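Please read the structure below before turning to the comments.
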Amino acid sequence: MTKSPGGPTASEGYSWSARRAKEEPFLAALVVLFQLVLSLAVYIFYGLSFALLTFGVITLALIPFYAAYTYRLTRDTLQVQGPFYYTEYRWTEFDTWRLTEDEVRMTFKGQRKSRVLVLYAPHNVHDALQAVQRYMPRGSLEEDRRL
Numbered sequence: 012m013t014k015s016p017g018g019p020t021a022s023e024g025y026s027w028s029a030r031r032a033k034e035e036p037f038l039a040a041l042v043v044l045f046q047l048v049l050s051l052a053v054y055i056f057y058g059l060s061f062a063l064l065t066f067g068v069i070t071l072a073l074i075p076f077y078a079a080y081t082y083r084l085t086r087d088t089l090q091v092q093g094p095f096y097y098t099e100y101r102w103t104e105f106d107t108w109r110l111t112e113d114e115v116r117m118t119f120k121g122q123r124k125s126r127v128l129v130l131y132a133p134h135n136v137h138d139a140l141q142a143v144q145r146y147m148p149r150g151s152l153e154e155d156r157r158l
């Protein structure tokens, strides 16, 4: 997580990084154990190549859990950098936001394939929310998991 000293200015914005696996080490250990046990079972019944394929497919499916995401909020854009992509959104693309326990969920305007962008901020959700409110005041503080 990075913050500029004395608070962010409009040109600098606000940025942080977060990784779900880091926040839940016990769950991460269980996931790795599950991967290994499943791959071992596939190895016993089908051989090494299928076991490696199984391990690889499960790892790829769990990239959102393992990977670190970097979020940067500036006056004009919200930038998200994941393990294989970088995306910029303009604030005008969003309709509203909603605060949950450790996330700020941004709802897009209109019809889109994905209606919600989740900003995961486990240790600084209130700082992230303040930055979002600076650029987009419409939102809700109530917890709602339906989004």
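Oh and the sequence shown: position 110 is 121 in our numbering, straight run, nothing missing. Glycine is no exception: its CB is placed at the ideal position from the N, C-alpha and C atoms. Note that the structure is predicted; figures quoted are calculated from it, not measured.
- Residues of the same chain with a CB within less than 7 Å of the CB of L130, apart from the 5 flanking positions on each side, are Y82, E114, V115, M117 and A139 in chain order.
- In the structure shown, the three-state DSSP call for Y97 is strand.
- Scanning the stretch 59-90 for uninterrupted beta strand (DSSP E) segments of 3 residues or longer gives 79-84, listed from N- to C-terminal end.
- In the DSSP secondary-structure assignment, M117 is bridged to W108 and L128.
- Here the alpha carbon of L51 sits roughly 38 Å from the alpha carbon of R126.
- Non-local beta-carbon contacts of E35 in its own chain, meaning distances under 7 Å to residues more than five positions away in sequence, are absent.
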